[in-house]
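According to full-length UniProt numbering, the stretch in the first sequence is residues 1 to 528, in order.
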Amino acid sequence: MHKSLDDSYALFCGFSEKNAVSWSVMVGGYAKAGDFMNCFRTFKEYLRSGVRPDTYTLPFVIRVCRDTMDLQMGRLIHSVVYKCGLLLDDFVVAALVDMYSKCKVIGDAKQLFDGMPKRDVVTWTVMIGACTECGDPTEALVLFDQMREEGVVPDKVAVVNVVNACAKIGAMHKAKLVHEYIVKNKFSFDVILGTAMVDMYAKCGSVDVAREVFDGLREKNVITWSAMIAAYGYHGQGNKAVDMFPMMLRTGILPNKITFVSLLYACSHSGLVEEGKQLFNSMQKEYGVKPDIKHFTCMVDLLGRAGKIDDSLKLIEDMAVEKDEGLWGALLGACRIHGRVELAEMAAKSLIELQPENAGHYVLLSNIYAKAGKWKDMAKIRELMSHQKLKKVPGWTWIEVDNKIHRFSVGDHTHPLSKEIYEKLKYLLKELEISGYVPDTNFVLHDVDEELKLGNLFSHSEKLAIAFGLISTPEQSTIRIMKNLRVCGDCHTFCKFVSQVTSRVIIVRDANRFHHFKEGACSCKDYW
DNA sequence: CTAGGGTTAG
1 MHKSLDDSYA LFCGFSEKNA VSWSVMVGGY AKAGDFMNCF RTFKEYLRSG VRPDTYTLPF
61 VIRVCRDTMD LQMGRLIHSV VYKCGLLLDD FVVAALVDMY SKCKVIGDAK QLFDGMPKRD
121 VVTWTVMIGA CTECGDPTEA LVLFDQMREE GVVPDKVAVV NVVNACAKIG AMHKAKLVHE
181 YIVKNKFSFD VILGTAMVDM YAKCGSVDVA REVFDGLREK NVITWSAMIA AYGYHGQGNK
241 AVDMFPMMLR TGILPNKITF VSLLYACSHS GLVEEGKQLF NSMQKEYGVK PDIKHFTCMV
301 DLLGRAGKID DSLKLIEDMA VEKDEGLWGA LLGACRIHGR VELAEMAAKS LIELQPENAG
361 HYVLLSNIYA KAGKWKDMAK IRELMSHQKL KKVPGWTWIE VDNKIHRFSV GDHTHPLSKE
421 IYEKLKYLLK ELEISGYVPD TNFVLHDVDE ELKLGNLFSH SEKLAIAFGL ISTPEQSTIR
481 IMKNLRVCGD CHTFCKFVSQ VTSRVIIVRD ANRFHHFKEG ACSCKDYW
């Protein structure tokens with residue numbers, strides 16, 4: 001397999017004097033060829049040879065650690081870096097930061113980064129990407145500002161990383177600033193930057209601006225088209241997503257696996273059952289793309305949401321692909337919508353078997369029991385959860401006001417305007433109740449009495465963020481919020497009423513999709 | 001002799 005490298009290695013072994021260059025060519029050669037074993041082996045020989053590893057060789061081995069997620073080896077090499085006195089070297093540190101971030105230990109990455117008095121544009125870029133990767137895009141955006149303050153001029157790759165941070169956090173105002181920056185500094189919209197921008201605007205809540213950017217791009221490839229199709233999907237505009245497909249084909253671009261995931265997702269979230277079936281049936285026959293578990297999951301979701309749960313079961317039984325938690329999750333979701341309690345139990349059991357530590361599965365089943373009034377079963381699930389010390393993932397909601405991102409958790413009192421927020425909420429609830437809003441305590445998973453439940457529900461992070469948005473943004477302006485979990489059923493109803501009573505458009509990005517609330521209705525048509 | 005960039009389910 002690595003015949004040519006074997007020859008190189010034989011030749012290399014014959015060198016009477018090996019220097020840093022010949023070592024690094026050999027180590028790097030194995031790394032590039034994906035031969036990790038030999039890469040590490042040669043690197044160890046290198047260390048033993050007494051020649052000091054340098055700024056050229058080390059990044060190769062560190063990148064192998066990143067690609068194999070070998071944190072242990074990564075830390076070992078970090079200690080070698082220290083011994084070689086290369087902790088201020090941009091190439092080496094950038095590689096280490098990248099390795100730590102892919103291994104999800106952002107603290108180690110940041111510590112290294114902070115230890116450098118001067119950092120080049122690549123090292124900054126890697127650090128910015130690391131923050132986004134590890135779930136702190138706010139920090140990524142702060143770093144972008146710091147970088148410029150220190151006089152480091154961002155290039156296109158740096159900007160793509162910032163665009164990604166905006167996309168991930170959904171910060172529309174920041175997104176526009178970054179866009180202005182790109183235009184002002186005359187970065188050309190190549191296909192990668194262009195695609196990242198399409199994705200950013202869509203994920204910041206504006207699928208129309210995403211489309212404008214898309215239309216303005218000179219070059220588009222299958223990734224660009226897939227990003228646009230996916231965007232229509234998660235904004236609930238399935239028809240537009242489906243319409244893009246023939247347009248894409250006409251430009252001579254062929255679909256890949258992800259294009260079909262995006263298309264099927266769009267169909268399932270807009271109730272386009274026939275269109276979805278047709279695409280699913282044609283993907284292998286006409287385009288040579290073999291359906292994998294994700295495509296099957298979309299189909300289970302598509303059929304299940306539409307109430308065709310038995311068809312969806314049939315599909316699961318007949319499929320020749322290994323079943324995973326996502327698949328059972330889709331079935332469970334359908335059971336939740338259509339009140340199929342017994343089948344839900346079966347799906348939940350499969351899910352819990354696969355992932356006994358995932359609290360979300362228990363919560364979903366518990367909510368299904370709650371909706372069906374099966375309190376005893378619900379109590380059993382809760383008991384199971386507390387027995388295993390399973391905690392729900394904490395929910396957060398973000399809102400961007402005055403170019404600052406404000407974050408709320410349930411019952412949060414840490415915001416400087418906390419008092420005003422709760423007063424607004426109280427006032428708002430009175431108004432909503434007059435319009436017919438009834439709080440739905442079924443969605444509260446706590447063993448507390450009704451009054452406490454109400455208090456809890458009242459202070460969900462979504463509601464706090466919306467109340468804050470109402471008091472801190474101009475009347476009539478759109479309110480955009482982002483949540484890390486799925487929006488709860490009561491908050492969904494709440495948003496509809498708020499949009500009605502306050503004449504505001506509210507755009508909510510939750511963990512799964514966008515909800516556009518306007519005049520008392522949601523773009524998801526309650527089909528989520 | 002080196003480095004950092006875009007799409008996807010539940």
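Heads up, the beta-carbon is just placed ideally off N, CA and C, and yes, glycines get one too.
In this structure, DSSP gives Thr397 an extended state, which the three-state scheme calls strand. Closest in C-alpha terms to Arg75, from the list Ile316, Val97, Lys430, Val207, comes Val97. With distances taken between CA atoms, Ala370 lies nearest to Gly489 out of Lys174, Glu475, Phe296, Gly489. Around the Cβ of Pro255, a 10 Å sphere holds 16 or more other Cβ atoms; the residue is buried.
Of the candidates Lys314, Val27, Gly411, Leu143, the residue whose Cα lies closest to the Cα of Pro53 is Val27.
Note that the segment 332-348 touches the segment 299-313; at least 3 beta-carbon pairs, one per stretch, sit closer than 8 Å. Here DSSP, grouped into helix, strand and coil, assigns Arg305 to helix.
For Gly238, the number of other beta carbons within 10 angstroms of its own is at least 16, and it is reported as buried. Of the candidates Gln284, Val273, His406, Val273 places its Cα closest to the Cα of Ile309. Burial check for Asn403: the Cβ neighbour count within 10 Å stays below 16, so the residue is exposed.
According to the DSSP assignment, Arg336 belongs to the alpha helix (DSSP H) that extends over 325-338. If you look at Val508, you'll find it in the beta strand (DSSP E) that goes 506-509. When DSSP states are grouped into helix, strand and coil, Ile479 belongs to the strand group. If you check the CB distance, Glu325 and Leu354 come in under 7 Å. Going by DSSP, Ile421 is part of the alpha helix (DSSP H) stretching over 418-434. Comparing C-alpha distances from Asp136 to each of Leu432, Leu464, Ile434, Ile405 shows the shortest one belongs to Ile405.
For the segment 272-304, the continuous alpha helix (DSSP H) assignments of 4+ residues that do not extend past its boundaries occur at 273-287, in sequence order. As for any alpha helix (DSSP H) of minimum length 4 sitting wholly inside the segment 173-248, the runs are 191-203, 207-216, 222-234, ordered along the chain. Counting only residues of its own chain and dropping the five nearest sequence neighbours on each side, Val160 has a CB closer than 8 Å to the CB of Ile192, Leu193, Ala196. For Leu429 and Cys524, the gap between their C-alpha atoms comes out near 23 Å. Counting of Cβ neighbours within 10 angstroms places Val393 among the exposed residues, the total staying below 16.
Taking every protein chain shown into account, the CB of Phe468 has 16 or more other CB atoms within 10 angstroms, so this residue is buried. Non-local beta-carbon contacts of Ala210 in its own chain, meaning distances under 6 Å to residues more than five positions away in sequence, involve Val198, Tyr201, Ala202, Ala231 in chain order. According to the DSSP assignment, Phe15 belongs to no beta strand (DSSP E), since it is labelled neither H nor E. A straight-line Cα-Cα distance of about 6 Å links Ile506 and Arg480. Burial of Thr132 is indicated by the presence of at least 16 other C-beta atoms within 10 angstroms of its C-beta.
The segment 281-291 and the segment 246-263 touch, with three or more beta-carbon pairs separated by less than 8 Å. Classified as exposed, Met247 has fewer than 16 neighbouring CB atoms from the shown chains inside 10 Å of its CB. Per DSSP, the beta bridge partners of Ile405 are Glu400.
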